[in-house]
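Asks: This is the structure I want to talk about, given as structure tokens.
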Amino acid sequence: MRKIGITLRQSSPHSYHEPRDGLARDWYRLFAELGVGHHWQLLPNLGEQTVAYAQAHGIEGVIFSGGDDVGSDPLRDATEQALLAHCIARQWPVLGVCRGLQLIQLFFGGQLAEADRSMHVAQRHLLIPTTDDLPWLNLPAVPRSVNSFHGNRLATPIPATLRPWAFDELGACEALVHVSEKIAGVMWHPEREASLSEPDRQLCRWLFE
Numbered sequence: 018m019r020k021i022g023i024t025l026r027q028s029s030p031h032s033y034h035e036p037r038d039g040l041a042r043d044w045y046r047l048f049a050e051l052g053v054g055h056h057w058q059l060l061p062n063l064g065e066q067t068v069a070y071a072q073a074h075g076i077e078g079v080i081f082s083g084g085d086d087v088g089s090d091p092l093r094d095a096t097e098q099a100l101l102a103h104c105i106a107r108q109w110p111v112l113g114v115c116r117g118l119q120l121i122q123l124f125f126g127g128q129l130a131e132a133d134r135s136m137h138v139a140q141r142h143l144l145i146p147t148t149d150d151l152p153w154l155n156l157p158a159v160p161r162s163v164n165s166f167h168g169n170r171l172a173t174p175i176p177a178t179l180r181p182w183a184f185d186e187l188g189a190c191e192a193l194v195h196v197s198e199k200i201a202g203v204m205w206h207p208e209r210e211a212s213l214s215e216p217d218r219q220l221c222r223w224l225f226e
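Just so you know, we're using the numbering used here here: the sequence shown kicks off at 18 and counts up by one.
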């Protein structure tokens, strides 16, 4: 499996005056379930310098993690925009999770809108796939329950280079894949489930193996 880099959220405690980045411990378990072992790397928020950091550590694919809306942390925004541009230029596979999916939508020219918070903030809802024709999936695409922690949704129209493949009950797009590159995003958090679902496992393996 490729060496995966994962982006971080700003997590400075109020009692200190030094900037810090952090990652939920759930991700450590997810990487173990994927069989990645220690073949992954935290990517700090250094702006455009994070690209060189990722290259120096042999990164070959990136997960853009969740937490904080795009626009709430200028340094993280600059870091992730530079990283995503680099991934596209080098054809590194990309998985965007929640905020990460929103970043992908914006990068390719899409927009965001306010989500139905009663359905999507610290809730579970039904995920409805639109097709079985997904290159990573070797089982039927059936509706399933997923977690939801986002106040924004993907606005329509979806950029032409991105293909929607799952929606919520109200018709909001919950998952995208690039029409020609290994770039995918999901609005739910695979790492926050008790165990990694088989559809999410197959998506990760398709991207990063």
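Just so you know, even glycine gets a beta-carbon here, dropped at the ideal spot from N, CA and C.
Give the secondary structure of T24 by DSSP, where H, G and I count as helix, E and B as strand, and everything else as coil.
Replies: Counting from 1 along the sequence shown, the entry for residue 24 is found at position 7. T24: strand per DSSP, three-state reduction.
Asks: Is G64 helix, strand or coil by DSSP?
Replies: For the purposes of this step, residue 64 is taken as the residue at position 47 of the sequence shown. Reduced to three states, the DSSP call for G64 is coil.
Asks: Since L193 and L179 should fall inside the 8 Å C-beta cutoff, what is the C-beta to C-beta distance between them, to a whole number of angstroms?
Replies: Sequence index remark: in the sequence shown, residue 193 carries index 176 (1-based). Sequence index remark: in the sequence shown, residue 179 carries index 162 (1-based). The pair is a contact, with the Cβ atoms about 5 Å apart (cut-off 8 Å).
Asks: Nearest-angstrom Cα distance between V79 and C221?
Replies: Counting from one through the sequence shown, the residue named residue 79 turns up at place 62. Counting from one through the sequence shown, the residue named residue 221 turns up at place 204. Computed Cα separation, rounded: 11 Å.
Asks: In terms of residue numbering, what span does the beta strand (DSSP E) encompassing P181 cover?
Replies: The count along the sequence shown starts at 1 and reaches residue 181 at position 164. Taken as a continuous stretch (DSSP letters only), the beta strand (DSSP E) holding P181 covers 179-184.
Asks: So, do the region 139-148 and the region 92-108 have three or more beta carbon pairs nearer to each other than 8 Å?
Replies: Contact between the region 139-148 and the region 92-108 is absent, because fewer than three Cβ pairs lie under 8 Å.
Asks: Ignore the nearest five residues each way along the sequence and tell me which others in W153's own chain have a CB closer than 6 Å to its CB.
Replies: The residue given as residue 153 occupies position 136 in the sequence shown. Hits under 6 Å: Q219, L220, W223.
Asks: From which residue to which residue does the alpha helix (DSSP H) around E119 run?
Replies: Here residue 119 corresponds to residue number 102 of the sequence shown, with the count starting at 1. Per the sequence shown, the amino acid found at residue 119 is Gln instead of Glu. That run of the alpha helix (DSSP H) goes 116-124.
Asks: Grab me the residues of H48's own chain with a C-beta within less than 8 Å of its C-beta, minus the 5 sequence neighbours each way, in chain order.
Replies: What you label residue 48 is simply residue 31 of the sequence shown in a count that begins at 1. According to the sequence shown, residue 48 is Phe rather than His. So the qualifying residues of the chain are I21, G54, W57.
Asks: Considering only C-alpha positions, which residue in the set S197, I175, V196, A201 is nearest to A189?
Replies: What you label residue 189 is simply residue 172 of the sequence shown in a count that begins at 1. The residue with the shortest Cα to Cα distance from A189 is I175.
Asks: Who pairs with S162 in a beta bridge, going by DSSP?
Replies: For the purposes of this step, residue 162 is taken as residue 145 along the sequence shown, with counting starting at 1. Looking at the DSSP assignment, S162 forms a beta bridge with L143.
Asks: S89 and V114 - do their beta-carbons sit closer together than 7 Å?
Replies: Walking along the sequence shown from the start, residue 114 turns up at place 97. Walking along the sequence shown from the start, residue 89 turns up at place 72. In this structure, S89 does not lie closer than 7 Å to V114 by Cβ.
Asks: Use the C-beta contact count for P110: other C-beta atoms within 10 angstroms, 16 or more gives buried, fewer gives exposed.
Replies: By 1-based counting over the sequence shown, the position of residue 110 is 93. Buried is the call here.
Asks: What residues match up with W223 in a beta bridge as DSSP calls it?
Replies: Looking up residue 223 in the sequence shown gives position 206. According to DSSP, which records beta bridges pairwise, W223 is partnered with nothing at all.
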